[in-house]
Amino acid sequence: NLSPLAVLLPPVLLLTSAIAGAYASLALPAFSLRFDGLIGTLVTQPLKTFRLIDLATLLMTSAAPDDFPPVTATLVAILIATVLIAPLLWTAHLIPLWSLPLTRSSQRKLLIACERLYAWSLIDVFILTVVTGIHQLPQYAIFMIGNECDAIDPLLPYFADQLAGGVGKCLRLVPSFHEGCFVLLVACVLNITTGLYITHVGRQAVGW
Numbered sequence: 276n277l278s279p280l281a282v283l284l285p286p287v288l289l290l291t292s293a294i295a296g297a298y299a300s301l302a303l304p305a306f307s308l309r310f311d312g313l314i315g316t317l318v319t320q321p322l323k324t325f326r327l328i329d330l331a332t333l334l335m336t337s338a339a340p341d342d343f344p345p346v347t348a349t350l351v352a353i354l355i356a357t358v359l360i361a362p363l364l365w366t367a368h369l370i371p372l373w374s375l376p377l378t379r380s381s382q383r384k385l386l387i388a389c390e391r392l393y394a395w396s397l398i399d400v401f402i403l404t405v406v407t408g409i410h411q412l413p414q415y416a417i418f419m420i421g422n423e424c425d426a427i428d429p430l431l432p433y434f435a436d437q438l439a440g441g442v443g444k445c446l447r448l449v450p451s452f453h454e455g456c457f458v459l460l461v462a463c464v465l466n467i468t469t470g471l472y473i474t475h476v477g478r479q480a481v482g483w
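Under my numbering, the first residue of the sequence shown is numbered 276, with each subsequent residue one higher.
Spelled out as structure tokens, the structure:
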């Protein structure tokens with residue numbers, strides 16, 4: 276028979292490791308964008324690497340000063356609340372729900388809090404949105420350029436050797452994913468599966 280510690284400890288370790296990994300991933304290189312072709316030759320930095328935490332910073336700095344207070348500040352606040360705060364609070368409520376000897380009334384209250392916090396925890400939506408959005412950026416870039424390069428496109432292949440990436444086009448945008456995205460993806464899977472298992476056990480314990 277397993278000891279109580281052997282039963283209680285693994286989910287707690289999984290939760291704490293997952294949330295720690297999720298926070299650490301925000302500071303790791305997550306994705307890069309390489310600009311090939313004529314535009315890549317003209318820009319000063321054809322290869323740009325971003326961290327996930329940079330997205331909030333870019334959101335704040337890209338807005339005009341008069342637009343920041345009502346609109347952008349709300350978006351940044353929602354991003355911070357759903358991606359940074361809610362997952363941490365959800366984990367902080369799951370651990371005592373799993374590991375502490377609680378009365379049925381306390382279990383119910385904690386379980387309700389866990390379910391509400393999980394509803395606001397959108398870190399999984401965040402990473403899927405980032406991966407999907409970055410993957411679609413090349414098509415979006417081509418759409419934004421439209422027919423602006425039509426006049427010079429026939430000439431660019433002759434100068435391909437002198438253009439960034441050896442690409443004889445106006446622009447080719449090449450996205451790449453790095454460890455930040457992969458660490459966050461694994462952390463999300465561990466955190467969510469462990470959390471849902473604890474919630475399921477908690478619901479059975481209170482008779483829901």
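Just so you know, even glycine gets a beta-carbon here, dropped at the ideal spot from N, CA and C.
* In the segment 298-377, which residue ranges form an unbroken alpha helix (DSSP H) of at least 4 residues, counting only runs that do not cross its ends? -> 312-317, 328-337, 348-355, 361-374
* From the DSSP output, in three-state form, read off S451 for me. => strand
* Using DSSP with H/G/I as helix, E/B as strand and the rest coil, what is A281? -> helix
* Asked: Quick one, which of L359, Y472, L354, T349 has its alpha-carbon nearest A299's?
  -> L359
* Measure the C-alpha to C-alpha separation of N466 and R379 and round it to an integer number of angstroms. => 25 angstroms
* Determine the direct distance from the alpha carbon of A426 to that of A302, and round the result to whole angstroms. => 42 angstroms
* Starting from the C-beta of S374, find all residues in its chain whose C-beta is less than 7 angstroms away, skip the five residues before and the five after it, and write them out in chain order. => L283, V287
* **Contacts around L364, its chain only, beta-carbon distance under 7 angstroms, and the 5 residues preceding and following it disregarded** => L392
* To do: Note down the Cα distance separating H453 from V464, rounded to an integer number of angstroms.
  => 18 angstroms
* Asked: Using the C-alpha atoms, what's the distance from S451 back to T357?
  -> 26 angstroms
* Neighbourhood of R478 by C-beta, 8 angstroms cutoff - its chain only, sequence neighbours within 5 removed -> L386
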